[in-house]
Amino acid sequence: MISQGLIIQSLISGILMGGIYAAMGVGFSLTWGVMKVINLSHCAFGVVSAYIGYWLLKNFGVDPLLSLIVIVPMLFVIGAGVYELLIKRIQHSKDITVSSMLLCFGLGILIENLMLYAWSASPRVMNTRYTGESFFVGGISLSIPSVIGFILAMSCLAAIYFFLHKTYTGKAVQAVWQEREGSALVGINIDRVSMITFGLAIASAGVGGVCMAFMYSFYPSLHNVWLLFMFLVVIVGGVGSVVGTAAGGLILGIVMGLSGALISYQWVNAIVFVLLIIILLIKPQGLFKV
Amino acid sequence: MKKEKMEKMVAPFLAILVFATVFSGCISEKPQETPKEMEEKKEPILIGGSLPLTGKFADTAVWIKRGYEYWAEEINAKGGLLGRPVKLIIYDDESDKTKAANYLEKAITVDKVDLLLGGYPGTACTAQMPIAEKYKMVYNSMGGHMYSFEQGYKYCFGGPPLMGQWWADGFWGFIGTLPADQRPKKAAILTMNNVIGEACRESIVNGCKKYGIEIVVDDRYDLPLADATPLVSKAKESGADVLFANGFFADGVLTMRACKSLDYNPKAIFQSIGCIIPEWISELGEDGNYVFSGTAMHNKLPFEGIDKLNKVAQERWGIDAPQYFLFGYCWMQVLQKGVEGAGSLDQDAIANYLRTHTISTIGGDFKFDERGLPEPYMYCTQVINGEVELIYPLNVRTAEPVYPKPEWKKK
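Structure follows, in C-alpha cells:
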C-alpha cells in the first residue's frame, strides 16, 4: 500500500527537480525558437558553469549563488562571441537547423575536451555548507539545495519572461521570432537581436548549470545526458515559449516523481517518453504556443 | 611485319621488367628476425588494448592506466620482460564497449601487439574477451562477471576478477560475525538496471536469504538516475534497516544525499561501486562516511608489493595507492608472471603456465581454474573518518567497524 506521504514527498521532489530542468532548458528553447538554432552545446556551457562555481567554492570559499555574479555576465559575453564568430556565419545556410546542430555538436565536443584538460574526468560534487541539509514541513522533507536551486531557476525564468515581454529589446526578440523579414523592414537589427538572444541563452545555461550542480555530481561528458532532458522539456513545453519550458520542466519532474513512487522506478523513463509521444500526437507544437 | 617487330621488342622488355622486380625484391626484403635476434636488438614488447579514458568510466580508468604505466616503468627499470623493454599502447574507447572491442582488434591486427591489456569496465571486458579468444591471445582483466567466465574461453583470466556475484560476500561475512539480534532484519535493494547491477544483486539477494533478511524494497532504475528521493523514501517507509545502493558513484552521491535529506538512518548502507575511489571522500566529505562496500584489492592488504606501491602513490599523488591503481598493476603482474613462467611470448604457453601454477601477486595468490577464475573471495570495506578500511575477513581488518551507522549530523 503506497502511503500519501510517499506520494507527496516524491511529487515535491519531482517539482523541485523539474523547475531546475526548466531553467536549464529555457535558453535552449529560446535559440531554437528565435533563431532556429538547435544548440547542442547548450548543456556543455551549463557544465562549464558548474565547474566554475565548484572551482570558486573549493579555492576561495565563494558560495555558488554568489559565483553567478561572475558566471552570468561571463557566459553572456561568451555566448555573444560564439554567435559572432560561428552562428552568424551559418545564418544564411540552406538549412540553418541542420547546420547549427552539426556546428554546435562539434562545439560541445570541443568544450568537453577543454573541461577534461582543465579539470580531468574525475566527478565533482558541489559541497556547500547547506548540502544534504533539509527541513521538514508536515513530515515532508525539503532539501535545502533543491529548494535554493528551484528558487533560482524560477527567478531565472521570470527574469527572461520579463525581459521578453516588458523590455524594448525583448519585444524586438519576439518580433524577430514571429516575423523575421518584417522585423528587418521596420528597422530591427536582426544580428544584434540574435546576438543578444544567444548570449542570454548561454547565460541562462550558466544559471541552469549551477542549479543542476546543487543536485548532481558532474563531469565533462555529462552535458550529453542533460541534453536529453532539455529536448524533453522543450518539446513538451513548446519551442520558444518561456512559460511552456517552465511547464515542460515541471510536468517532467512531476511525472518522474510520481512514477517513482507509484510503480517500479525502472519504468520511469518509459512513461516519460510515452507521455512525450502522446503530447506530440495531440499537440505537435508542444503544450504552449508562442 | 610491324606486328612481328612489336613482339620482338616486347619480349626483352618483359624480361627486364621481371628481372628488375625479382632483383628489387631480393635486395629490399629484410631477412626475418628470430626472437633471439629481436631480443638482442631490444625491440620493445608491445602490450596493447583500450581503457575508457573519457566518458562516464574515466574517473576509474585513469587509475588503472596509472597502474599499467607504473608496472611498465618498473619492469623497464629492471631490464624489461624477457630482457626486452615493454611499450604500452592504450587507446581511449570513450566508455563505449563497441569501441573497446574494435580497439582491441586494432591492437592485435594493426599494431600487432605481443600481449594484451585488460579493459574496463565489465561490459568492455565482456566485449573484448571473445576478440582475445578469437586471436588466441591471453587476456587478463576484471572480466564481465560470471557470465563472461562461463563461455569456455581458454585464454581469458580474471587475476583478480571483479565479480559481481561475489561482491557483497565480504559484507555478509561481516554480518555473520554479529550476534543474530544485531543483524539487520529488512533490506532495501536499489539496483541500477544493467549487467553490473544484476550481477551484484545476486550476491546481495543470496546473503539476505542466508541470514533470513526480508527484502522489503527491490527496485531497479535506469541510468542516469535523475532523482533518488522516491527510491529512498520507499526504503525509509518500508522500515528497511539495511540499504543496498547497488549503483555507481553518481547514483551513490544522489542516494546519500537523499538519505541525509530524508533523515533515513538504516543500520548499514552498502554502496556497490564508487565509494572506494578517492573522489568519494574528497567530494562527499563527512556524508560519505560509514558506507560499506566490497573489493578484491586494497592498499592495506598484507601482501608483498603493496607497501611499495603505497609509497609510489604518496610520492606522485599525495595519497595511498587507490584500489584501481593496484588493480591495474596486479593485472599486469599476472600477465608478467605468465610470460616469465612460460619463458616466451607464446600465448598457449602463457595460458598453460597460468592455469597450472599458483601466481603470487600484490593481490594475493591466485590458482586459476578451467574458467580462468581464482577461488571466490571478496573483502568488506567501510569508509571510516575519510579512510577506506578493511573490515572482513578478520585477519586483514584494519579498523573496528562502525555499526550501526550513526545518525546523520545536521547543522
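Chains as they are written, first to last, in the working numbering: chain A, 1 to 290; chain B, 1001 to 1411. From the three backbone atoms N, C-alpha and C, an ideal C-beta is built for every residue, glycine too.
Cβ-Cβ distance between residue i and residue j below 7 Å
i: residue 1307 (chain B); j: residue 1313 (chain B); result: no
i: residue 123 (chain A); j: residue 221 (chain A); result: no
i: residue 1254 (chain B); j: residue 1190 (chain B); result: no
i: residue 1196 (chain B); j: residue 1164 (chain B); result: yes
i: residue 1356 (chain B); j: residue 1334 (chain B); result: no
i: residue 34 (chain A); j: residue 197 (chain A); result: yes
i: residue 1242 (chain B); j: residue 1210 (chain B); result: no
i: residue 1249 (chain B); j: residue 1274 (chain B); result: yes
i: residue 175 (chain A); j: residue 160 (chain A); result: no
i: residue 1291 (chain B); j: residue 1271 (chain B); result: yes
i: residue 1376 (chain B); j: residue 1166 (chain B); result: yes
i: residue 1113 (chain B); j: residue 1159 (chain B); result: no
i: residue 121 (chain A); j: residue 1219 (chain B); result: no
i: residue 287 (chain A); j: residue 238 (chain A); result: yes
i: residue 194 (chain A); j: residue 1262 (chain B); result: no
i: residue 104 (chain A); j: residue 23 (chain A); result: no
i: residue 1052 (chain B); j: residue 1093 (chain B); result: yes
i: residue 1100 (chain B); j: residue 1127 (chain B); result: yes
i: residue 1330 (chain B); j: residue 1363 (chain B); result: yes
N-terminal and C-terminal residue of the beta strand (DSSP E) that residue i is part of
i: residue 1381 (chain B); result: 1379-1384
i: residue 1086 (chain B); result: 1086-1092
i: residue 137 (chain A); result: 134-137
i: residue 1158 (chain B); result: Where residue 1158 (chain B) is concerned, there is no enclosing beta strand (DSSP E), given that its DSSP letter is neither H nor E.
i: residue 1365 (chain B); result: 1364-1366
i: residue 1291 (chain B); result: 1291-1295
i: residue 1360 (chain B); result: 1359-1361
i: residue 1271 (chain B); result: 1268-1271
Residue i, enclosing alpha helix (DSSP H) - first and last residue
i: residue 1048 (chain B); result: Note, residue 1048 (chain B): premise wrong, no alpha helix (DSSP H); beta strand (DSSP E) at 1045-1051.
i: residue 1214 (chain B); result: Careful: residue 1214 (chain B) lies outside any alpha helix (DSSP H), inside the beta strand (DSSP E) at 1214-1221.
i: residue 1390 (chain B); result: That residue, residue 1390 (chain B), is in no alpha helix (DSSP H); its beta strand (DSSP E) goes 1387-1392.
i: residue 167 (chain A); result: Element bounds for residue 167 (chain A): n/a, residue is neither H nor E.
i: residue 140 (chain A); result: Premise fails: residue 140 (chain A) lies in the beta strand (DSSP E), 140-143, not in any alpha helix (DSSP H).
i: residue 261 (chain A); result: 242-262
i: residue 1069 (chain B); result: 1058-1077
i: residue 122 (chain A); result: Per DSSP, residue 122 (chain A) belongs to no alpha helix (DSSP H) and is neither H nor E.
i: residue 224 (chain A); result: 223-237
i: residue 1131 (chain B); result: 1122-1134
Proximal chain A residues relative to residue i, where beta-carbon distance stays under 7 Å
i: residue 1229 (chain B); result: 9, 10, 13
i: residue 1261 (chain B); result: 132, 134, 141, 143
i: residue 1219 (chain B); result: 264, 265
i: residue 1287 (chain B); result: 132
Cross-chain neighbours of residue i in chain B, by beta carbon under 8 Å
i: residue 225 (chain A); result: 1224
i: residue 261 (chain A); result: 1230, 1233, 1234
i: residue 194 (chain A); result: Within chain B, no residue comes near residue 194 (chain A); the closest Cβ sits about 33 Å away, beyond 8 Å.
i: residue 257 (chain A); result: 1227, 1229, 1230
Partners in chain B for residue i, counting only beta-carbon separations shorter than 7 Å
i: residue 125 (chain A); result: 1253, 1283, 1284
i: residue 51 (chain A); result: Residues of chain B passing the Cβ test: none, with the nearest at roughly 13 Å.
i: residue 116 (chain A); result: 1054
i: residue 269 (chain A); result: 1222
i: residue 17 (chain A); result: 1226, 1227
i: residue 212 (chain A); result: Residues of chain B passing the Cβ test: none, with the nearest at roughly 11 Å.
Partners in chain A for residue i, counting only beta-carbon separations shorter than 8 Å
i: residue 1193 (chain B); result: 266
i: residue 1237 (chain B); result: 3, 5, 6
i: residue 1249 (chain B); result: 123, 217
i: residue 1201 (chain B); result: Under the 8 Å cutoff, chain A gives no residues; its nearest Cβ is about 13 Å from residue 1201 (chain B).
Partners in chain B for residue i, counting only beta-carbon separations shorter than 9 Å
i: residue 122 (chain A); result: 1058, 1059, 1062, 1277, 1278, 1279, 1282, 1283
i: residue 61 (chain A); result: Within chain B, no residue comes near residue 61 (chain A); the closest Cβ sits about 14 Å away, beyond 9 Å.
i: residue 221 (chain A); result: 1054, 1055, 1056, 1058, 1094, 1095
Residue i beta carbon near the ligand ATP (any heavy atom closer than 6 Å)
i: residue 1403 (chain B); result: The ligand ATP is not among the ligands present in this structure, which contains no ligands whatsoever.
Contiguous alpha helix (DSSP H) assignments of at least 4 residues, all confined to the stretch 1169-1243 of chain B: 1169-1177, 1195-1210, 1229-1237
4 or more residues per run - each alpha helix (DSSP H) lying fully within the stretch 153-221 of chain A: 168-178, 180-185, 190-215
Cβ contact check for the stretch 1148-1156 of chain B and the stretch 1082-1092 of chain B: 3 or more pairs under 8 Å: no
Any 3 or more C-beta pairs closer than 8 Å across the stretch 1334-1347 of chain B and the stretch 1109-1118 of chain B: yes
Sufficient close CB pairs (3 or more, under 8 Å) joining the stretch 39-48 of chain A to the stretch 241-253 of chain A: no
Runs of alpha helix (DSSP H) lying entirely within the stretch 6-45 of chain A, each at least 4 residues, in chain order: none
Every unbroken alpha helix (DSSP H) within the stretch 70-106 of chain A, with a cutoff of 4 residues, ordered by chain: none
Inside the stretch 1324-1357 of chain B only - alpha helix (DSSP H) runs reaching at least 4 residues: 1347-1356
Contact between the stretch 1369-1384 of chain B and the stretch 1168-1188 of chain B (3+ Cβ pairs under 8 Å): yes
Touching by the beta-carbon criterion (3+ pairs, under 8 Å), the stretch 66-76 of chain A and the stretch 197-217 of chain A: yes
Touching by the beta-carbon criterion (3+ pairs, under 8 Å), the stretch 1222-1238 of chain B and the stretch 253-270 of chain A: yes
Three or more C-beta pairs below 8 Å linking the stretch 3-13 of chain A and the stretch 133-147 of chain A: yes
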